[in-house]
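Peer 1: Right, I'll just put the structure down here and ask away after.
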Amino acid sequence: MKMKNTVKYFVGLLLFGGALFTGCDDESGITPGEVTGLTAESTPGCIALSWNTPEEANIRYIEVKYYDPLLKKDVMRTASVYANSIEIPDTRAKYGEYSFMVQSVSPTGDRSAVQKISMVSEPAEPTYVSTQIALTAADLSTNAQEPSEGPIANLLDGNTSTFFHTAWSVGIPGPHWLQVNLKKEITEAYRFEYAPRNAKDRPTDFDLMGSMDGKSWFLIKNFTKEADGIAGDGTYASEVFNVEQPFKQIRIVVNETNSKSVFWTMSIFKFYSVTIEDPEAPDTEL
159 MKMKNTVKYF VGLLLFGGAL FTGCDDESGI TPGEVTGLTA ESTPGCIALS WNTPEEANIR
219 YIEVKYYDPL LKKDVMRTAS VYANSIEIPD TRAKYGEYSF MVQSVSPTGD RSAVQKISMV
279 SEPAEPTYVS TQIALTAADL STNAQEPSEG PIANLLDGNT STFFHTAWSV GIPGPHWLQV
339 NLKKEITEAY RFEYAPRNAK DRPTDFDLMG SMDGKSWFLI KNFTKEADGI AGDGTYASEV
399 FNVEQPFKQI RIVVNETNSK SVFWTMSIFK FYSVTIEDPE APDTEL
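Just so you know, the numbering used here puts 404 at position 246 of the sequence shown, and the rest follows in order with no gaps.
Laid out in structure tokens, this is it:
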């Protein structure tokens, strides 16, 4: 009789333990549902992954893993359960195809099956770094300084109420020009800014000339009101232009003004040397 009771006791204990173990397993492991409609889209220097998150799928967040060849390491990024996309920044076309592994993660840390997707990035855009050339009055010259007003040094004082004026009280044949010694060789790219004096006598057509020695000159670019908007009311800021032929000096040769006069005015002038940082350039090993 004791033997039967003992057997019943152990059988009951095993059944109870099994039930307890099964109950703990159900509470500690929750497998999340998978996101659906996973897609990838490329823009310059960036790849965006998008998906649909099913409702009531026990998802706490979305996890994206990939190898980043720029950083030379594996990377893991996460997105909220309320988000339906994630951006992968600083991607490069030169590295070819990026491979992403996407999983949803439950509140208990369990993960769904891995979904894989690949995409090639569009080329990252260049970065332009501008350095203003420090100029002094000695670096400026002209063939037509007006003797009664508007000394050329006024171009550098940062004051729009002062101005440079080419000759109107004395007859100096056109075109009138402003020459600038940049004191360094411009080899990559450049840009410039200037402010007009007032509504009259603004250049509407000028040639930007370049020279290495101040004697032999070549045309860098012709600027016009129609093509470049040079006769606006406020400060004119050019776009960045690549250098096709290096130069150390420039001339602004004015061909026409909005008042049809040979003379012209300007209140501020700035010139910038620009370096181009191309993120798609081949990597160099140190």
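Beta carbons: idealized from backbone N, C-alpha and C, even for Gly. Just so we're clear, the structure is a prediction, and the values are computed from it rather than from any experiment.
What does DSSP give as the partner residue(s) for Ile-244 in the beta ladder?
Peer 2: Looking up residue 244 in the sequence shown gives position 86. Paired residues: Leu-207.
Peer 1: Determine whether the beta carbon atoms of Gly-187 and Ser-270 lie at a separation below 8 Å.
Peer 2: Start at 1 with the first residue of the sequence shown, and residue 187 comes out as number 29. Start at 1 with the first residue of the sequence shown, and residue 270 comes out as number 112. No; because the gap between Cβ atoms is not below 8 Å, this pair is not in contact.
Peer 1: Using DSSP bridges, identify the partner residues of Phe-321.
Peer 2: Counting from one through the sequence shown, the residue named residue 321 turns up at place 163. Beta-bridge pairing links Phe-321 to no other residue.
Peer 1: What is the rounded straight-line gap between the Cα of Phe-429 and the Cα of Asn-242?
Peer 2: As a position in the sequence shown, residue 429 is number 271, starting the count at 1. As a position in the sequence shown, residue 242 is number 84, starting the count at 1. Each residue's Cα considered, the two are about 46 Å apart.
Peer 1: Since I believe Leu-196 is in contact with Ile-275 (beta carbons under 8 Å), could you give me their beta-carbon distance rounded to a whole number of angstroms?
Peer 2: Here residue 275 refers to the residue found at position 117 when the sequence shown is read from its first residue. Here residue 196 refers to the residue found at position 38 when the sequence shown is read from its first residue. About 6 Å separates the two Cβ atoms, so the contact holds.
Peer 1: Taking Val-338 and Leu-293 to be in contact with their CB atoms under 8 Å, please state how far apart those CB atoms are, rounded to whole angstroms.
Peer 2: Along the sequence shown, read from residue 1 onward, the residue named residue 338 stands at position 180. Along the sequence shown, read from residue 1 onward, the residue named residue 293 stands at position 135. That pair is a contact at about 7 Å.
Peer 1: Among the candidates Met-424, Asp-232, Val-193, Glu-283, whose CA atom is the shortest distance from the CA of Ala-439?
Peer 2: In the sequence shown, counting from the first residue as 1, residue 439 sits at position 281. It is Glu-283 whose Cα lies nearest to the Cα of Ala-439.
Peer 1: Under a Cβ-count criterion, where at least 16 other Cβ atoms within 10 Å of its own Cβ denotes burial, should Gln-407 be classed as buried or exposed?
Peer 2: If you number the sequence shown from 1, residue 407 lands on position 249. Label assigned to Gln-407: buried.
Peer 1: In whole angstroms, what is the alpha-carbon distance linking Ile-244 and Thr-266?
Peer 2: Taking the first residue of the sequence shown as 1, we reach residue 244 at position 86. Taking the first residue of the sequence shown as 1, we reach residue 266 at position 108. Spanning the two alpha carbons is a distance of roughly 23 Å.
Peer 1: Which full runs of the alpha helix (DSSP H) of 4+ residues lie inside the segment 372-428, going along the chain?
Peer 2: Entirely contained in the segment 372-428, the alpha helix (DSSP H) runs reaching 4 residues are, in chain order, 383-386.
Peer 1: Using a 10 Å radius around the Cβ and a threshold of 16 neighbouring Cβ atoms, would you call Leu-229 buried or exposed?
Peer 2: Numbered from its first residue, the sequence shown carries residue 229 at position 71. Classification of Leu-229: exposed, given that the 10 Å Cβ count is below 16.
Peer 1: Can you look up Gly-366 in the DSSP assignment and give me helix, strand or coil?
Peer 2: Within the sequence shown, residue 366 is the residue found at index 208, counting from 1. Reading off the sequence, residue 366 comes out as Leu, not Gly. Strand at Leu-366.
Peer 1: Would a C-beta distance cut-off of 8 Å place Thr-324 and Ala-302 closer than the cut-off?
Peer 2: Mapped onto the sequence shown, residue 324 falls at position 166. Mapped onto the sequence shown, residue 302 falls at position 144. Cβ distance < 8 Å, so Thr-324 and Ala-302 count as in contact.
Peer 1: Within the same chain, show all residues whose beta-carbon is closer than 8 Å to that of Pro-331, passing over the 5 residues directly before and after it, in chain order.
Peer 2: The residue given as residue 331 occupies position 173 in the sequence shown. Excluding sequence neighbours, Pro-331 sits near Val-420.
Peer 1: Indicate the three-state DSSP secondary structure (helix, strand or coil) for Asn-339 in the structure shown.
Peer 2: Here residue 339 corresponds to residue number 181 of the sequence shown, with the count starting at 1. In this structure, Asn-339 counts as strand in the three-state DSSP scheme.
Peer 1: Is Pro-202 near the ligand MN - that is, is its Cβ less than 7 Å away from at least one heavy atom of it?
Peer 2: As presented, the structure is devoid of all ligands, the ligand MN included, so that no description of it is given.
Peer 1: If you count every other CB in all the chains shown that lies within 10 Å of the CB of Gly-254, and 16 or more means buried, which is it?
Peer 2: Here residue 254 refers to the residue found at position 96 when the sequence shown is read from its first residue. Looking at its Cβ environment, which holds fewer than 16 other Cβ atoms inside 10 Å, Gly-254 is exposed.
Peer 1: For the beta strand (DSSP E) containing Asp-232, name the first residue and the last one.
Peer 2: The residue given as residue 232 occupies position 74 in the sequence shown. Where Asp-232 is concerned, the enclosing beta strand (DSSP E) stretches over 231-238.
Peer 1: Can you look up Leu-314 in the DSSP assignment and give me helix, strand or coil?
Peer 2: The residue given as residue 314 occupies position 156 in the sequence shown. Leu-314 falls in the helix class under three-state DSSP.
Peer 1: Which one or two residues does DSSP pair with Lys-223 in a beta bridge?
Peer 2: Residue mapping note: residue 223 aligns to position 65 of the sequence shown, counting from 1. Paired residue(s): Met-234, Met-259.
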